[in-house]
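Just so we're aligned, residue 122 is where the sequence shown starts under the working numbering, counting upward by one.
Even for Gly, the Cβ is constructed at its ideal location relative to N, Cα and C.
The structure under discussion appears below in the form of structure tokens.
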Amino acid sequence: MKVINKIARVDLSQSFMDDRFVSDTVDILLIYSIVNTLTEFKEVEAVDFYIDGVKLDIFGQLSVEEPIYRRSDLIKN
122 MKVINKIARV DLSQSFMDDR FVSDTVDILL IYSIVNTLTE FKEVEAVDFY
172 IDGVKLDIFG QLSVEEPIYR RSDLIKN
């Protein structure tokens with residue numbers, strides 16, 4: 122993972138895409154669990170996703186073309 126201009130670049134493997142359970146709800150929770158965890162660090166404001174070095178545009182039904190920002194409403198204390 123690299124951080125440039127407060128945007129973390131997360132590069133996942135193709136097996137991450139292939140091995141996941143496909144569901145809109147699961148996709149949203151999966152992406153935001155990564156985003157919300159990384160944005161706990163002051164150096165990170167948003168996350169870009171890559172698969173084997175290629176920018177990911179869509180993850181299930183979720184557009185990830187632009188950096189993804191924290192969604193505190195998905196965090197349960």
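Per DSSP, the bridge partner or partners of residue i
| i | result |
| --- | --- |
| residue 123 | 130 |
| residue 175 | 172 |
| residue 180 | 183 |
Nearest-angstrom beta carbon gap, residue j and residue i [assumed within contact, 8 Å]
| i | j | result |
| --- | --- | --- |
| residue 180 | residue 148 | 6 Å |
| residue 165 | residue 124 | 6 Å |
Proximal residues to residue i (C-beta, below 7 Å), its chain only, five neighbours per side dropped
| i | result |
| --- | --- |
| residue 177 | 170, 171, 185 |
| residue 183 | 148, 149, 152 |
| residue 138 | 172 |
Same chain only: Cβ atoms within 6 Å of residue i, ignoring 5 sequence neighbours per side
| i | result |
| --- | --- |
| residue 188 | 128, 167, 169 |
| residue 122 | 129, 131 |
| residue 190 | 167 |
| residue 195 | 153 |
Alpha-carbon spacing of residue i relative to residue j, whole angstroms
| i | j | result |
| --- | --- | --- |
| residue 151 | residue 126 | 24 Å |
| residue 192 | residue 153 | 7 Å |
| residue 173 | residue 134 | 5 Å |
| residue 155 | residue 132 | 12 Å |
| residue 143 | residue 136 | 13 Å |
8 Å CB neighbourhood of residue i in its chain, flanking five on each side removed
| i | result |
| --- | --- |
| residue 157 | 191, 192, 193, 195, 196 |
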